[in-house]
């Protein structure tokens with residue numbers, strides 16, 4: 001694809017021509033269909049402590065949230081940092097080394113590059129998880145910057161991670177499309193001023209729009225993507 005090299009959060013694009021627009025992507029559930037693995041790990045952790053959770057509980061109380069907040073509320077009295085480390089290690093162990101990205105991802109990135117747009121990942125996942133997932137889907141070097149929520153002053157649902165990506169790319173909010181699958185992420189993206197697109201990997205249109213999505217897609221092969229990209233032309 002002729003990707004630009006990987007850049008750390010806050011490091012600006014070195015191309016002589018700054019991008020005129022940007023695509024900003026959440027990772028879990030947006031670039032990779034990983035939610036089922038996260039659910040299985042959380043289900044096991046809770047079961048080991050005598051609590052049964054189902055997918056509805058996961059979507060309502062866990063999906064898109066920071067581990068520290070999840071464990072503080074639902075497993076109080078335990079070491080949230082240790083639980084978080086354990087949870088993420090289990091997730092990485094379950095993640096296949098070679099999995100496909102969300103359908104249509106590669107073609108979308110190629111389109112963005114052909115138009116000179118910036119590309120960023122904006123995620124609440126720990127950096128080691130982000131690196132592992134991007135390697136698994138073959139996109140380690142596909143993005144100009146990777147912004148990690150816990151490395152910002154405030155993570156999602158606050159807009160700080162998205163604003164950091166915009167600053168790194170030197171692209172204003174009005175020239176950005178943000179793709180998200182969780183209510184927390186959608187609130188962050190919408191508050192940043194980006195045009196916000198929900199991905200229906202776990203939730204359907206109505207709850208995504210209620211959280212701030214201005215449009216929704218099944219995945220990146222959805223024909224409704226084309227008019228969204230046309231918003232950024234010129």
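In our numbering, the protein residues as written are 1 to 234.
Quick reminder that beta carbons are idealized off the backbone N, C-alpha and C, glycines included.
Beta-carbon proximity list for residue i, same chain, < 6 Å, skipping 5 on both sides
i           : result
residue 232 : 21
residue 121 : 25, 27, 143, 146
residue 157 : 184, 187, 188
residue 34  : 28
residue 84  : 67
residue 126 : 88
residue 1   : Low per-residue confidence applies at residue 1: pLDDT is 37, beneath 50, and the placement is therefore not dependable enough to give any value.
Where residue i sits in the DSSP three-state scheme
i           : result
residue 20  : coil
residue 119 : strand
residue 30  : coil
residue 196 : strand
residue 110 : helix
residue 53  : coil
residue 70  : helix
residue 139 : coil
residue 95  : coil
residue 145 : strand
8 Å Cβ cutoff met for residue i and residue j
i           : j           : result
residue 194 : residue 177 : yes
residue 131 : residue 123 : no
residue 198 : residue 26  : no
residue 191 : residue 159 : yes
residue 89  : residue 80  : no
residue 31  : residue 101 : yes
residue 49  : residue 23  : no
residue 134 : residue 91  : no
residue 17  : residue 118 : no
Contacts around residue i, its chain only, beta-carbon distance under 7 Å, and the 5 residues preceding and following it disregarded
i           : result
residue 58  : 39, 42
residue 53  : 42, 43, 46
residue 211 : 183, 186, 187
8 Å CB neighbourhood of residue i in its chain, flanking five on each side removed
i           : result
residue 104 : 219, 220, 221, 222, 225
residue 214 : 190, 195, 196, 197
Exercise. Which whole runs of the alpha helix (DSSP H) in the region 203-231 are 4 residues long or more, in chain order?
Worked result: 205-210, 225-230
Exercise. Below 8 Å, can you find three or more Cβ-Cβ pairs linking the region 200-220 to the region 135-150?
Worked result: no
For this session: Count the CB pairs spanning the region 148-164 and the region 93-102 that are closer than 8 Å, and state whether there are at least three.
Result: no
For this session: Any chance you could list the beta strand (DSSP E) runs of at least 3 consecutive residues sitting entirely within the region 156-196, in chain order?
Result: 176-180
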